[in-house]
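Asks: Residue numbers (full-length UniProt numbering): 1 to 194.
For glycine and all other residues, C-beta sits at the position ideal for the given N, C-alpha and C.
None of the values given here were measured: they were computed from a predicted structure.
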């Protein structure tokens, strides 16, 4: 018995414009948010999404089978954004500064910080800013996008053990920096509820 995503993908591959539109509408916001985590450039991300869907439509009959459209699209989006960054000669600067470049975190986390006191907001922002770009990306993919460790490993082109280490190190860093019990509980609830 196939799942609804497999059926949707199959219909898309067979040329259903309705299936294609459903996929586009269902995943546009997710792709935009993820692309923005990498590039922090609205127009570049929108261009990448547009180019990605044009390529998907043109090559739909030769695309591989997937059981997770979200994973398939996120992986393709990652490649597309990095390719576009390289074309714009921003990649070298980004790659050399990958551990220190600031990446915006999820809207959910932004909402939580707005609902806390000013002191908690400052502490949380400072703690997140201390995370490396790769730690932020791994946590976003795991807790916000709901991908598995093997999927994140494949997307980021790193070993599964490295993903575990990135997440563990990030959470340990947040725990140590957020030594206010109430604030750490808020962050823990946020991450576990995604």
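(1) Quick one: what does DSSP say residue 99 is sitting in, helix, strand or coil?
(2) Taking the continuous alpha helix (DSSP H) assigned at residue 35, which residues delimit it?
(3) Between residue 34 and residue 73, is the Cβ-Cβ spacing less than 7 Å?
(4) DSSP state of residue 3, grouped into three classes?
(5) Could you tell me the distance, in whole angstroms, from the CA atom of residue 116 to the CA atom of residue 81?
(6) Starting from the Cα of residue 67, find the closest Cα among 10, 170, 143 and give me that residue.
(7) Could you tell me the distance, in whole angstroms, from the CA atom of residue 172 to the CA atom of residue 144?
(8) Taking DSSP as the reference, what is the three-state secondary structure of residue 178?
(9) Can you give me the start and stop residues for the alpha helix (DSSP H) that residue 134 sits inside?
(10) With distances taken between CB atoms, is the gap from residue 127 to residue 174 smaller than 7 Å?
(11) Taking the alpha-carbon positions, what's the residue 196 to residue 41 distance?
(12) Using the three-state DSSP reduction, which class does residue 65 fall into: helix, strand or coil?
(13) Within 10 angstroms of its Cβ, does residue 62 collect 16 or more other Cβ (buried), or is it exposed?
Replies: So, to answer that:
(1) Taking the chain shown and counting its residues from 1, one reaches residue 99 at position 99. Bear in mind that a pLDDT of 45 at residue 99, under 50, signals an unreliable position, so the model cannot answer this.
(2) By 1-based counting over the chain shown, the position of residue 35 is 35. Unbroken alpha helix (DSSP H) run through residue 35: 17-39.
(3) Counted from its first residue, the chain shown places residue 34 at position 34. Counted from its first residue, the chain shown places residue 73 at position 73. No. Outside cutoff.
(4) As a working note, residue 3 is residue 3 in the chain shown. Of the three classes helix, strand and coil, the one that applies to residue 3 here is coil, per DSSP.
(5) Translated into positions along the chain shown, residue 116 becomes position 116. Translated into positions along the chain shown, residue 81 becomes position 81. Here residue 116 scores only 49 on pLDDT, less than 50, and its place in the model should not be relied on; the value that follows carries that caveat. Computed Cα separation, rounded: 34 Å.
(6) Locating residue 67 in the chain shown gives position 67, where the first residue counts as 1. Ranking 10, 170, 143 by Cα distance to residue 67 puts 10 first.
(7) The residue labelled residue 172 in the question sits at position 172 within the chain shown. The residue labelled residue 144 in the question sits at position 144 within the chain shown. Going from the Cα of residue 172 to the Cα of residue 144 covers about 18 Å.
(8) Indexing the chain shown from 1 puts residue 178 at position 178. In the structure shown, the three-state DSSP call for residue 178 is coil.
(9) On the chain shown, position 134 is the one that residue 134 refers to. From DSSP, the alpha helix (DSSP H) with residue 134 extends over 133-139.
(10) As a working mapping, residue 127 is identified with position 127 in the chain shown. As a working mapping, residue 174 is identified with position 174 in the chain shown. Result yes, Cβ atoms of residue 127 and residue 174 sit closer than 7 Å.
(11) The requested residue 196 does not occur in the structure, where the chain is confined to residues 1 to 194.
(12) Residue 65 sits at position 65 when you count from the first residue of the chain shown. In the structure shown, residue 65 sits in coil (DSSP, three-state: anything other than H, G, I, E or B).
(13) Position 62 of the chain shown, counted from the first residue, corresponds to residue 62. Taking a 10 Å sphere around the C-beta of residue 62, we find fewer than 16 other C-beta atoms and assign the residue as exposed.
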